[in-house]
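Trainee: For reference, the structure I am asking about is given below.
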Amino acid sequence: MYRYRLGKGLLLITLVLGLVFINTGVTKGIDKAKIGDVSKCLECHEEEAAEWEKGPHAKSLDLLKGIDKVKKECLSCHSTDYQLSNKKNELTVSKVKYGVNCLSCHNDDPEIGKSRDKHLADYKKLRRSEKETCGECHSAQLANGVAKPGQEVNHAQQNLYYGFGGINVEDRPAEMVRAGVTCSSCHMLPKEKGAKRAHTFRSILPGEGEPNSCINSGCHANFGSTMFAGMLEMRVMEVEDMLATVKEKLKAKRDYKNTEAYKVAKTNYLMVKEDKSQGLHNLYYTRSLLWEAEDQLDSIKVKEAKKEASQQE
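Under my numbering, the first residue of the sequence shown carries the number 14, and numbering increases by one thereafter.
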């Protein structure tokens, strides 16, 4: 009888605590409808979910819904339910429900949730390697790894970081690649307490103070934030000036937009523009792409002059 009462009492306490947790947890204020099929994750991962909600991944589907004409393949990166669906042909921008969330990156095996030990051991794992997980969307998706002249390029972060894909430019990975720095090293800065990493996926530059992605990630601890911030600012200004120069030349030479030289220049320019790091991912490869773009545009006038001269002879 004593064991029965004790067991019954423990069961009642467990149920009460469960209700208290559900109703008073940190999940209050989080838009569960927006998170959709991963709202269950919030019961334990409130902190990560709150960070995620502040970042760009939470708004990935909203970005598409604000555009008049959207290519269906865009859903491969902007919608988790589209990514995981085996009926992609039935889904459209208006039918998908979830943007980029936990299941876009983490192990989506339904068996994992059935036991605490299996969940702790396996769910935190990524569905693929980190390079593949980030590169699935943050790369230009180039056939055979090389852009074609005139090709429109989007999300070229991985191409610039690993230094490949540009036209008439030698491959050159960033120095950070050789040092073993991955996407999460900068974009998921470790927190002060424990080994957990931030899920806003926002890199913090030295100019914003400390902790930041350069000094506190274990890479440039010997540098002061002020000095490092000045160095990075100079690099960004250099690349922004180069981008502006090439953009103006593209505009000035648009009458030759069907020429090979113009197409090469435009695609290399877009590789840098769509990387959106202003050279911080890979300064040397960035420079090479923009130098080649400018050389191609400058060559158009020379080629046309030679063509006119040959026609007059």
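All C-beta atoms, glycine included, are put in the ideal place defined by N, C-alpha and C. Nothing here was measured: the structure is a model prediction, and the numbers come from that model.
Is the CB-CB distance between residue 218 and residue 245 below 8 Å?
Mentor: Cβ distance < 8 Å, so residue 218 and residue 245 count as in contact.
Trainee: Between which two residues does the alpha helix (DSSP H) holding residue 117 run?
Mentor: Its alpha helix (DSSP H) spans residues 115-118.
Trainee: Label residue 29 either buried or exposed according to how many other C-beta atoms from any shown protein chain fall within 10 Å of its C-beta, with 16 as the threshold for buried.
Mentor: Confidence at residue 29 is low in this model, with a pLDDT of 34, below 50, so the placement of that residue is unreliable and no value is reported for it.
Trainee: Contact defined as beta carbons within less than 8 Å: I believe residue 292 pairs with residue 249. What is the distance between those atoms, to the nearest angstrom?
Mentor: Contact holds; Cβ gap of about 6 Å.
Trainee: In or out: residue 114 buried (at least 16 other Cβ within 10 Å) or exposed?
Mentor: Buried: at least 16 other Cβ atoms inside 10 Å.
Trainee: Can you find the residues in the same chain that come closer than 7 Å, C-beta to C-beta, to residue 107, ignoring five residues on each side of it along the sequence?
Mentor: If we look at residue 107 and ignore the five residues flanking it on each side, it has no Cβ neighbours.
Trainee: Is residue 173 near residue 294, with beta carbons less than 8 Å apart?
Mentor: Yes, these two residues count as a Cβ contact at 8 Å.
Trainee: Compute the beta-carbon to beta-carbon distance between residue 109 and residue 95, rounded to the nearest angstrom, for a pair I have assumed lies under 8 Å.
Mentor: About 5 Å; that satisfies the 8 Å criterion.
Trainee: Please work out which residues of its chain come closer than 7 Å, Cβ to Cβ, to residue 262, disregarding the five sequence neighbours upstream and downstream, and give them in chain order.
Mentor: Closer than 7 Å at the Cβ level, and outside the excluded window around residue 262, lie 307, 310.
Trainee: Where does residue 267 fall in DSSP's three states?
Mentor: Residue 267 falls in the helix class under three-state DSSP.
Trainee: Determine the contact status of residue 163 and residue 276, defining contact as a CB-CB distance below 8 Å.
Mentor: Cβ atoms of residue 163 and residue 276: closer than 8 Å.
Trainee: Tell me the residue span of the alpha helix (DSSP H) that contains residue 73.
Mentor: Start and end: 73-78.
Trainee: Residue 199 CB to nearest chain B CB: under 8 Å?
Mentor: Here there is only one protein chain, and chain B is not present.
Trainee: Using beta-carbon positions only, say whether residue 281 and residue 302 come within less than 8 Å of one another.
Mentor: Cβ atoms of residue 281 and residue 302: closer than 8 Å.
Trainee: Determine, using beta carbons only, whether residue 193 and residue 184 come nearer to each other than 8 Å.
Mentor: Not in contact: residue 193 and residue 184 (Cβ atoms no closer than 8 Å).
Trainee: Which term fits residue 260, buried or exposed, when burial requires 16 or more other beta carbons within 10 angstroms of its beta carbon?
Mentor: The residue in question, residue 260, is exposed, as its Cβ has fewer than 16 Cβ neighbours within 10 Å.
Trainee: Drop a sphere of 10 angstroms on the beta-carbon of residue 31, count the other beta-carbons inside from all chains shown, and report buried for 16 or more, exposed for fewer.
Mentor: Annotation note: pLDDT 38 at residue 31 (below 50); position unreliable, coordinate value reported separately. Exposed.
Trainee: Work out the CA separation of residue 86 and residue 278 for me, nearest whole Å.
Mentor: So the alpha carbons of these two residues sit roughly 26 Å apart.
Trainee: Give the DSSP-derived three-state secondary structure of residue 306 in the structure shown.
Mentor: In the structure shown, residue 306 sits in a helix (DSSP, three-state: H, G or I).
Trainee: Using the Cα positions of residue 112 and residue 51, report the straight-line distance between them to the nearest angstrom.
Mentor: Going by the C-alpha atoms only, they are around 11 Å apart.
Trainee: Extract the residue ranges of the alpha helix (DSSP H) inside the stretch 137-164, only unbroken runs of 4 or more that lie entirely within it.
Mentor: Taking only runs of at least 4 residues, the alpha helix (DSSP H) segments lying wholly in the stretch 137-164 are 143-148.
Trainee: By how many angstroms is the C-alpha of residue 228 removed from the C-alpha of residue 238?
Mentor: Computed Cα separation, rounded: 7 Å.
Trainee: Given a cut-off of 8 Å, decide if residue 143 and residue 213 are closer than it, judged by their beta-carbon atoms.
Mentor: The answer is no: Cβ separation not under 8 Å.
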